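Undergrad:
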């Protein structure tokens, strides 16, 4: 049997799949050339390993399959590489991502390499037993399901997001009835009143309530909001840092931010589009005790 065609098809379509998954958005990551080259190179290696698996099995060359376990070890290093890089530049962010968000990004980059191996393996196998046309079709279907698999929930799917009233009671800052902090100077209070926007995030159920209670999830919301609408602060203006606070009685989350452009609709949309972090996701309603406690 000719293994050149299925192997080449697996490598090519697997690498192409990694290129398609290597898209950047408003976060502008990874757009730097060396980062793109690194991930495409690792995608090519993963595609090559996946593409040769089926021919190796057909030839009963089981030693070649051991390279897949080696790949798993190498791709775990991808997670560490991304985690270290993002953590090292965290101090330069006006509004940090937080360790939970960084860990989520690192996991995604590791998982995408495993998806490349699976896609290349499927393409190689179907091409070997049928033809290249079927292999291409399988790669399209596999990439579609891979994108569906990698697309997690966003805050707008688990909570209602609405505008909150920014107000003061003396020096005490509130968004609606959620207390935030004490701002001592009149100048700071006037700046917050003139430029500040507040939102209230109301969980739809107890699962969402537990998820939004996670401090890492709230830090991700503050970071995403500031990344999209901008933030009116510099490194030495801690009082203008976006802050979230939780209503302990209802589980609602209040967020105060001083954006560059004072547009509440854009702010609400930015909060809604914030990813729900895997490390923050909680489902107490899945347990009998949790369901009983929610009644």
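In my numbering, the protein residues as written are 853 to 1147. Cβ coordinates follow ideal geometry from the N, Cα and C atoms, glycine included. Just so we're clear, the structure is a prediction, and the values are computed from it rather than from any experiment.
Buried or exposed: which applies to residue 1090, given that a residue is buried once 16 or more other Cβ atoms fall within 10 Å of its Cβ?
TA: exposed
Undergrad: Residue 1027 by DSSP, collapsed to three states: which one?
TA: strand
Undergrad: Please state the DSSP three-state secondary structure of residue 1055.
TA: Here DSSP, grouped into helix, strand and coil, assigns residue 1055 to strand.
Undergrad: Determine, using beta-carbon pairs with one atom in the region 938–952 and one in the region 856–872, whether at least three such pairs fall under 8 Å.
TA: no
Undergrad: Threshold first: 4 residues or longer. Then list the alpha helix (DSSP H) segments lying entirely within the region 991–1039, N to C.
TA: Counting only runs of 4 or more, we get 1007–1010.
Undergrad: Counting along the chain, where does the beta strand (DSSP E) carrying residue 1107 start and finish?
TA: Per DSSP, residue 1107 is one residue of the beta strand (DSSP E) stretching across 1105–1109.
Undergrad: Report the partner residues of residue 1127 according to the DSSP bridge assignment.
TA: 1006
Undergrad: Can the beta-carbon of residue 1126 be found less than 7 Å from the beta-carbon of residue 1007?
TA: yes
Undergrad: Would you grab the beta carbon distance between residue 1013 and residue 1123 for me? Rounded to a whole angstrom, and I think it's under 8 Å.
TA: 5 Å
Undergrad: Return the first residue and the last residue of the alpha helix (DSSP H) that residue 1097 is part of.
TA: It is not in any alpha helix (DSSP H) - residue 1097 instead sits in the beta strand (DSSP E) that spans 1095–1098.
Undergrad: Taking 6 Å as the line, does the beta carbon of residue 965 fall inside it for any heavy atom of the ligand NAD?
TA: This structure lacks the ligand NAD, and indeed carries no ligand of any kind.
Undergrad: Whole angstroms is fine: what's the gap from residue 950's alpha carbon to residue 964's?
TA: 22 Å
Undergrad: Tell me, please, whether the CB atom of residue 961 is closer than 7 Å to any CB atom in chain D?
TA: Of the chains in the structure shown, none is chain D; there is only one protein chain.
Undergrad: Ordered along the chain, which non-local residues of its own chain (more than five positions away) have a Cβ less than 8 Å from that of residue 872?
TA: 995
Undergrad: What's the gap between the Cα of residue 1117 and the Cα of residue 966?
TA: Between residue 1117 and residue 966, the C-alpha separation is close to 38 Å.
Undergrad: Does DSSP put residue 1049 in a helix, in a strand, or in coil?
TA: Strand.
Undergrad: Report yes if the CB atom of residue 1060 is closer than 7 Å to the CB atom of residue 1011, and no otherwise.
TA: Cβ atoms of residue 1060 and residue 1011: closer than 7 Å.
Undergrad: If the criterion is Cβ atoms closer than 7 Å, does the pair residue 991 and residue 903 meet it?
TA: In this structure, the beta-carbon distance from residue 991 to residue 903 does not fall below 7 Å.
Undergrad: Just tell me which of 1052, 1029, 860, 1024 has its CA closest to the CA of residue 1044.
TA: 1024
Undergrad: Would you call the region 888–904 and the region 1026–1039 touching, i.e. three or more CB-CB distances under 8 Å?
TA: no
Undergrad: Span of the alpha helix (DSSP H) holding residue 965?
TA: 951–981
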